[in-house]
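K.L.:
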Amino acid sequence: MPELPEVEVVRRGLSRWITNQEVLDVEVLDPRSVRRHRQGPIDFVTSLRQAVLEQPQRRGKYLWIPLHHAPIEQKSPTALVVHLGMSGQILLSHHSAPAPHHLRIRLRLDSASGHGQAPTELRFVDQRIFGGLYLDRLVPTADEPDELIPTTVTHIGRDPLDNHFDVDHIYQVLSKKQTAIKRALLDQNLVSGIGNIYADEALWRAKIHYNRPCNRLSRKQVRTLYQCVQKVMEQALKEGGTSFDALYVNVNGESGYFDRSLNAYHQEGKYCRRCLAEGYDTFIRRDKFMNRSSYYCPRCQRKPRTTQR
DNA sequence: ACTCTGTCCTGGAAGC
DNA sequence: TGCTTCCAGGACAGAG
7 MPELPEVEVV
17 RRGLSRWITN
27 QEVLDVEVLD
37 PRSVRRHRQG
47 PIDFVTSLRQ
57 AVLEQPQRRG
67 KYLWIPLHHA
77 PIEQKSPTAL
87 VVHLGMSGQI
97 LLSHHSAPAP
107 HHLRIRLRLD
117 SASGHGQAPT
127 ELRFVDQRIF
137 GGLYLDRLVP
147 TADEPDELIP
157 TTVTHIGRDP
167 LDNHFDVDHI
177 YQVLSKKQTA
187 IKRALLDQNL
197 VSGIGNIYAD
207 EALWRAKIHY
217 NRPCNRLSRK
227 QVRTLYQCVQ
237 KVMEQALKEG
247 GTSFDALYVN
257 VNGESGYFDR
267 SLNAYHQEGK
277 YCRRCLAEGY
287 DTFIRRDKFM
297 NRSSYYCPRC
307 QRKPRTTQR
């Protein structure tokens, strides 16, 4: 399940190989993968053809590649926006390599214009079709006029690895929220890039129960929690991201190995590693929360007294 | 204004 | 064996 570290691994791979390459041709094999492109699949193909791909950017789980249309007068800057959803992959291959099973979109690239052994095709593969590609206009952000982001990403909050990430501002917002802390962690408008895996891992590290009301957390607890988010994401990035199966891979099709470092997520029934080190044999538990699983240690992460859903 | 649920999707696993 | 049901969850529309 791609969250921030996985998307960043993909961004770095793309940056190395596709920057300054021209799109020779585009093929949409499943129109559902471009459903967020309002003007439809045909416009997607014709608008992307002959565009030159610039340095890929990211905010949270959103990835975008600014486009440069060499021969055409630039109306306003645009970008190819990528969201991997649940199972999306960006793969760089030779165009003659066999097509993977869930191949949805292919971009033929002009490898001759760039690096010698560059791949000749960018492929979007997506089993569950929650992800997709679309074109969008780039606009300056509200607080940094030199920073351009797609209009559809303006409502997304800065992520924990962003230089302008401001934890005191986050605390101010959280102190007014009634809702459970995990719901706030997963809310991409406040802070982006956190999904179910890193939410559970950060809460475990910070020893906070997923159902703790936001407005009952101290400034210190909020600081600690977001430091834990940053630490767990930095470690995951170092280890190439989390892969449970073939659903998440980097641009070369390789899996990350952060799943071996997980302390809570997917660890139901296993000993809590921290408790074990302290001489307790507590098991990690799984609760249903927000229609998904929440993994936690019942000793380290005590339930709030007033349990609300 | 804020909070929360339902929906989109596929395929592997579990249940009968 | 073969069928059905469940489960995974990111983002957003729309309900409360």
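Everything in the first sequence is counted per the numbering used here, starting at 7 for the first residue and increasing by one.
Even for Gly, the Cβ is constructed at its ideal location relative to N, Cα and C.
Let's see if you can read the secondary structure: which residues bound the alpha helix (DSSP H) around K188?
P.N.:
Residue numbering aside, residue 188 sits at position 182 when the first sequence is read from its first letter. Where K188 is concerned, the enclosing alpha helix (DSSP H) stretches over 187-192.
K.L.:
Kindly give me the distance between the Cβ atoms of K67 and E9, rounded to whole angstroms, as I take these residues to be in contact under 8 Å.
P.N.:
On the first sequence, position 61 is the one that residue 67 refers to. On the first sequence, position 3 is the one that residue 9 refers to. At roughly 6 Å, the Cβ-Cβ gap stays under 8 Å, so K67 and E9 are in contact.
K.L.:
Quick check: the Cα distance between R189 and L109, rounded to an integer number of angstroms?
P.N.:
The residue you call residue 189 lines up with position 183 of the first sequence. The residue you call residue 109 lines up with position 103 of the first sequence. Cα to Cα, the separation comes out at about 33 Å.
K.L.:
Considering only their Cβ atoms, is the gap separating F289 from G275 smaller than 9 Å?
P.N.:
To locate residue 275, count along the first sequence from 1; it is residue 269. To locate residue 289, count along the first sequence from 1; it is residue 283. Cβ atoms of G275 and F289: closer than 9 Å.
K.L.:
Taking only runs that begin and end inside the stretch 131-201, name each unbroken alpha helix (DSSP H) of 4 or more residues, in chain order.
P.N.:
Here the runs fully enclosed are 173-180, 187-192.
K.L.:
Quick check on G120: does DSSP put it in helix, strand or coil?
P.N.:
Position 114 of the first sequence holds residue 120. For G120, the predicted structure reports a pLDDT of 49, less than 50, and the residue's modelled location is therefore unreliable. A value from the coordinates is still provided. Residue state, collapsed to three classes: coil.
K.L.:
What does a CB cutoff of less than 6 Å around A70 pick up in its chain, not counting 5 residues either side in sequence?
P.N.:
Counting from 1 along the first sequence, the entry for residue 70 is found at position 64. For the record, residue 70 in the displayed sequence is Trp; it is not Ala. Counting only Cβ-Cβ distances below 6 Å, and skipping sequence neighbours, we find Q63, A85, V87, P156.
K.L.:
Going by DSSP in three states, E28 sits in which element: helix, strand or coil?
P.N.:
Start at 1 with the first residue of the first sequence, and residue 28 comes out as number 22. Three-state DSSP puts E28 in a strand.
K.L.:
Among E60, N202, V238, which residue has its Cα nearest to the Cα of T25?
P.N.:
Sequence index remark: in the first sequence, residue 25 carries index 19 (1-based). Among E60, N202, V238, the Cα nearest to that of T25 is on E60.
K.L.:
Rounded to whole angstroms, what's the CA-CA distance from R211 to I111? Just pull it up for me.
P.N.:
In the first sequence, the residue the question calls residue 211 occupies position 205. In the first sequence, the residue the question calls residue 111 occupies position 105. Whole-angstrom Cα-Cα distance: 39 Å.
K.L.:
Indicate the three-state DSSP secondary structure (helix, strand or coil) for R55 in the structure shown.
P.N.:
Counting from one through the first sequence, the residue named residue 55 turns up at place 49. Of the three classes helix, strand and coil, the one that applies to R55 here is coil, per DSSP.
K.L.:
List, from N- to C-terminal side, the beta strand (DSSP E) runs of 3 residues or more that fit wholly inside the stretch 81-121.
P.N.:
Runs found: 84-89, 94-99, 109-115.
K.L.:
Can you tell me whether Q273 is buried or exposed, with buried defined as 16 or more other CB within 10 angstroms of its CB?
P.N.:
As a working mapping, residue 273 is identified with position 267 in the first sequence. Counting Cβ neighbours within 10 Å, Q273 comes out buried, since at least 16 surround it.
K.L.:
Is it buried or exposed, Q184, if we count other Cβ atoms within 10 angstroms and call 16 or more buried?
P.N.:
The residue given as residue 184 occupies position 178 in the first sequence. Under this definition Q184 is an exposed residue.
K.L.:
Pull up the DSSP beta-bridge partners for D293, would you.
P.N.:
For the purposes of this step, residue 293 is taken as residue 287 along the first sequence, with counting starting at 1. Its beta-bridge partners are S300.
K.L.:
In angstroms with no decimal places, state the Cα-to-Cα distance between W23 and P37.
P.N.:
Translated into the one-based positions of the first sequence, residue 23 becomes position 17. Translated into the one-based positions of the first sequence, residue 37 becomes position 31. Near 26 Å, if we compare the C-alpha coordinates of P37 and W23.
K.L.:
Could you tell me if Y286 is buried or exposed, where buried requires 16 or more neighbouring beta carbons within 10 angstroms of its beta carbon?
P.N.:
Locating residue 286 in the first sequence gives position 280, counting from the first residue. Counting Cβ neighbours within 10 Å, Y286 comes out exposed, since fewer than 16 surround it.
K.L.:
Is it a yes or a no for the stretch 205-225 touching the stretch 236-246, going by three-plus beta-carbon pairs under 8 Å?
P.N.:
Output reads yes: the stretch 236-246 touches the stretch 205-225.
K.L.:
Helix, strand or coil: how does DSSP classify P219 here?
P.N.:
Against the first sequence, residue 219 aligns to sequence position 213. Three-state result, P219: strand.
K.L.:
So, helix, strand or coil for P37, using DSSP?
P.N.:
The residue given as residue 37 occupies position 31 in the first sequence. P37: helix per DSSP, three-state reduction.
K.L.:
Check whether the stretch 47-56 touches the stretch 121-138, counting contact only when three or more Cβ pairs, one atom from each stretch, lie closer than 8 Å.
P.N.:
No, the stretch 47-56 does not touch the stretch 121-138.
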